[in-house]
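Residue numbering for the sequence shown follows my numbering, beginning at 1 and increasing consecutively.
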Amino acid sequence: MNNFKILLQEQKNEITSHIIYKMLSEKVKNQHNSEILKRISGDEIKHYNFLKEKTGKDVKPSYMKIIIFYFMSLIFGLTFGMKLLENGEINAQRGYDELKTDYKEVELFLQDEEQHEKEIINMINEEKLNYISSIVLGLNDALVELTGALAGYTFAFGNTKIIALAGLITGISASFSMAASEYLSSSHEGNKNALKSSIYTGIAYILTVIALTLPYLLIANPFISLGVMLAIVIVIIAVFNYYVAIVKDEPFKNRFWQMTGISLGVAGLSFAVGVIIKNVLGINI
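The structure is reproduced here in structure tokens:
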């Protein structure tokens, strides 16, 4: 890519980032965070104007990117949206590296981009991130326990309504137990927010229970329901681990394959147990 095309691409990136940061600055309630976002937005428009002088062209922002990033922030939280933008800043640095020899001002841009990254990491404080370990606890336990239980029930019962009923009773009861355990554990550790931790754990557990039992309520064939349920398990694991990988800067693949392997492995073992117990006891429902 020649330098002129790089300049135009970076110009488009700068005006797009300017608008996204400006919109987010108007969204956040924390005044300190809002001021930082406004300052970053101001830096981005300065970069855009500098590049405009070099190209002699006005460049329209990427409206699709603006919509995606803004609504990602609304749905998954400011931290998630900002971290995605931070990754975009890293890409911008790579583009500017190719321009440094011809434009010395680019060095200042790179310094701004590096400062943006540090500020973004340090500025954000969302409540749900403080309780992400509690959410992980509820999600992990529900995925492993209920995936195994539903797989076992699928062969043992063979009736989707009964399987769903048993799954809901098992899952909701377990969610109360898990939330209570989290409360006791957190309170014994001196956590002043033990109750909130337990609530996040319980909610994560119950939402997972609902998602996994839903196929058995909607589909008459138990084995098709089992397949759909396992697909939902993989989707939940993928989405959640992608979220954690972005906001916590943790590797995605290792966590994803570990959780998937455990959940599907337990499901397979539980299905086998259901087959053995039904044949040994000779009970048909």
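Built from N, CA and C at the ideal position, the CB exists for glycine as well.
| query | result |
| --- | --- |
| Sequence-distant residues of the same chain with beta carbon closer than 7 Å to Leu160, five excluded per side | It should be pointed out that residue 160 corresponds to Thr in this sequence rather than to Leu. The residues are Tyr216, Ile219, Ala220, Pro222, Ser225. |
| Cut-off 7 Å between Cβ atoms - residues of its own chain near Ile246, not counting five sequence neighbours on either side | Phe80, Lys83, Leu84 |
| Bounding residues of the alpha helix (DSSP H) (the contiguous stretch that carries Ser292) | Absent from the model: residue 292. The displayed extent of the chain is 1 to 285, so no value can be given. |
| Three-state secondary structure assigned by DSSP to Asp58 | coil |
| Under 8 Å between C-beta atoms of Ile236 and Thr260 | no |
| Every unbroken alpha helix (DSSP H) inside the segment 162 to 186 [4 residues or more] | none |
| Three-state secondary structure (DSSP) of Pro215 | helix |
| Of the residues Phe50, Ile19, Leu51, the one placed nearest Lys38, counting alpha carbons only | Ile19 |
| Residue nearest to Arg255 in terms of C-alpha spacing, selected from Lys65, Gln11, Val136 | Val136 |
| Element boundaries [alpha helix (DSSP H), containing Asn193] | From DSSP, Asn193 is part of no alpha helix (DSSP H); its letter is neither H nor E. |
| DSSP three-state assignment for Ala142, whether helix, strand or coil | helix |
| Limits of the alpha helix (DSSP H) - the one that Val244 falls within | 222 to 248 |
| Inter-residue spacing [alpha-carbon to alpha-carbon] between Ile172 and Tyr242 | 26 Å |
| Contacts around Val266, its chain only, beta-carbon distance under 7 Å, and the 5 residues preceding and following it disregarded | Val144, Thr147, Gly148 |
| DSSP state of Val28 mapped onto helix, strand, coil | coil |
| Neighbourhood of Lys54 by C-beta distance below 6 Å, restricted to the same chain and skipping five residues each side | Leu7 |
| Buried or exposed (CB count within 10 angstroms, at least 16 for buried), Asn13 | buried |
| Minimum C-alpha distance to Lys29 - residue among Leu230, Asp141, Ala194, Leu78 | Leu78 |
| Exposure of Ala180, with buried meaning 16 or more beta-carbon neighbours within 10 Å | exposed |
| Option in Glu182, Lys57, Lys22 with minimal Cα separation from Ile45 | Lys22 |
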